[in-house]
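Visitor: Quick one: the structure is below, and I'll ask about it shortly.
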Amino acid sequence: MSGEHRTVYPHIDVLFEDNHVLAVSKPVNIPSQEDATGDPDMLTILKQDLKERYNKPGNVYLGLVHRLDRPVGGAMVFAKTSKAASRLSEAVRSRSLRKRYVAVVHGIPSKANGRLVDMLYKDSRTNTVSVVPKGTEGAKEAVLDYTVLATNDKLSLVLIELHTGRPHQIRVQLSQLGHPLYGDQKYGSRLNKAGQQIALWSVQLGFPHPTSKEEIVIQAMPPAAHPWSLFQPELIQRALQLRD
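Laid out in structure tokens, this is it:
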């Protein structure tokens, strides 16, 4: 692990790095990988940083293990070798890569905690996801656990443990519950205004190291900006400690 705290590009925090793994905090509104917009993306930015930092000739290998939606920030892990990529991808498939998020949602859920299980269908033409009846062709099961950490006026701070990694899963399932995410134009347009930043953050990742098998836990706290600033960050820290 690199003991130094540093940033690249110039505002991407490096959370953990060794010869096999690179973990960073993804800023909001940067794509995980190259897309049709041609905007700078995480994979390209980090490859260039590795190339320059280690003075490597030619192409630099960096494997994309999982993705975060463009408007979502927080903890993200990449593989620096093909072996690490294979083993981390297997950790994703076997669900031994633990993903925890925090979100600010509209309203106050009637239950302080619970498990949501839905069948989700993605329409690739519109890039939207919807909850559909079981047995619908092309639908996939989505499972998450949530805990309400605090409420403030008409908003709630929620901790989410993701058990499946479906596109837009958290956004769709919480909207289906009746509590769309703050700032989510796609699945909560009735309650949100154009220009608001979606309040969803990848707060913690836990995974077995691809070579040593040691449990690695990385953490990235959301920014001290609205609506996160309505809640004390200690609430998130305490909730994560209780679950480890």
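Each residue of the sequence shown is one higher than the one before, counting from 1 in full-length UniProt numbering.
Here a beta-carbon is modelled for each residue, glycine too, at the ideal position from N, C-alpha and C.
1) Helix or strand or just coil, what does DSSP make of Gly3?
2) Go through the UniProt domain "Pseudouridine synthase RsuA/RluA-like" (20-176) residue by residue and report every complete run of the beta strand (DSSP E) that reaches 3 residues or more, in order.
3) Leaving out five residues on either side along the sequence, give the residues of the same chain with a beta carbon under 7 angstroms from the beta carbon of Asn19.
4) Leaving out five residues before and five after Ala85 in sequence, what residues of the same chain have Cβ atoms less than 6 angstroms from its Cβ?
5) Contact defined as beta carbons within less than 8 angstroms: I believe Ser202 pairs with Tyr61. What is the distance between those atoms, to the nearest angstrom?
6) Buried or exposed, going by whether 16 or more other CB atoms sit within 10 Å of the CB of Leu242?
7) Using the beta-carbon count (16 or more within 10 Å), is Gly183 buried or exposed?
8) Tell me the DSSP secondary structure of Ser189 in three-state form.
9) Quick one: Cα of Val117 to Cα of His106, how far?
10) From the DSSP secondary-structure annotation, give me the bridge partner or partners of Glu234.
11) Whole angstroms are fine: how far does the CA of Thr164 sit from the CA of Ser110?
12) Between Leu149 and Ala220, which are expected to be in contact by the criterion C-beta below 8 angstroms, what is the C-beta distance as a whole number of angstroms?
13) Just to check my reading of the structure: Val217 and His168 have Cβ atoms closer than 8 angstroms, yes? What is that Cβ distance to the nearest angstrom?
14) For the 8 angstroms Cβ check, are there 3 or more pairs between the stretch 134-153 and the stretch 194-210?
15) Could you tell me whether any non-hydrogen atom of the ligand GTP is closer than 7 angstroms to the CB of Lys99?
16) Assuming contact is defined by CB atoms lying nearer than 8 angstroms, are Leu205 and Val77 in contact in what I supplied?
17) Could you pull the start and end residues of the beta strand (DSSP E) that Trp201 belongs to?
18) Can the beta-carbon of Leu181 be found closer than 8 angstroms to that of Ala112?
19) Measure the CB-CB distance between Ala91 and Leu15 and report whether it falls below 8 angstroms.
Guide: To lay it out plainly:
1) With a pLDDT of 45 at Gly3, under the threshold of 50, the predicted position of this residue should be treated as unreliable, and no value is reported.
2) Considered as a whole, the UniProt domain "Pseudouridine synthase RsuA/RluA-like" (20-176) harbours 21-26, 73-79, 98-106, 113-123, 128-132, 140-152, 155-162 as its complete beta strand (DSSP E) runs of no fewer than 3 residues, in chain order.
3) So the qualifying residues of the chain are Lys80.
4) So the qualifying residues of the chain are Gly63, Ala79.
5) About 23 angstroms separates the two Cβ atoms, so there is no contact after all.
6) By the neighbour-count rule (16 or more Cβ atoms within 10 Å), Leu242 is not buried but exposed.
7) Under this definition Gly183 is a buried residue.
8) Looking at Ser189 - three-state DSSP - the assignment turns out to be coil, as it is neither helix nor strand.
9) Cα to Cα, the separation comes out at about 20 angstroms.
10) By DSSP's assignment, Glu234 forms no beta bridge with any residue.
11) Roughly 24 angstroms separates the two Cα atoms.
12) Contact check for Leu149 and Ala220: beta-carbon distance about 17 angstroms, past the 8 angstroms limit, so the pair fails to qualify.
13) Going by Cβ atoms, the distance from Val217 to His168 rounds to 26 angstroms, so no, they are not a contact pair.
14) The stretch 134-153 makes no contact with the stretch 194-210; the number of CB pairs closer than 8 angstroms stays below 3.
15) This structure simply doesn't include the ligand GTP, nor any ligand for that matter.
16) Cβ distance < 8 angstroms, so Leu205 and Val77 count as in contact.
17) Per DSSP, the unbroken beta strand (DSSP E) holding Trp201 starts and ends at 200-208.
18) No, Cβ-Cβ distance for Leu181 and Ala112 is not below 8 angstroms.
19) A distance of 8 angstroms or more separates the beta carbons of Ala91 and Leu15.
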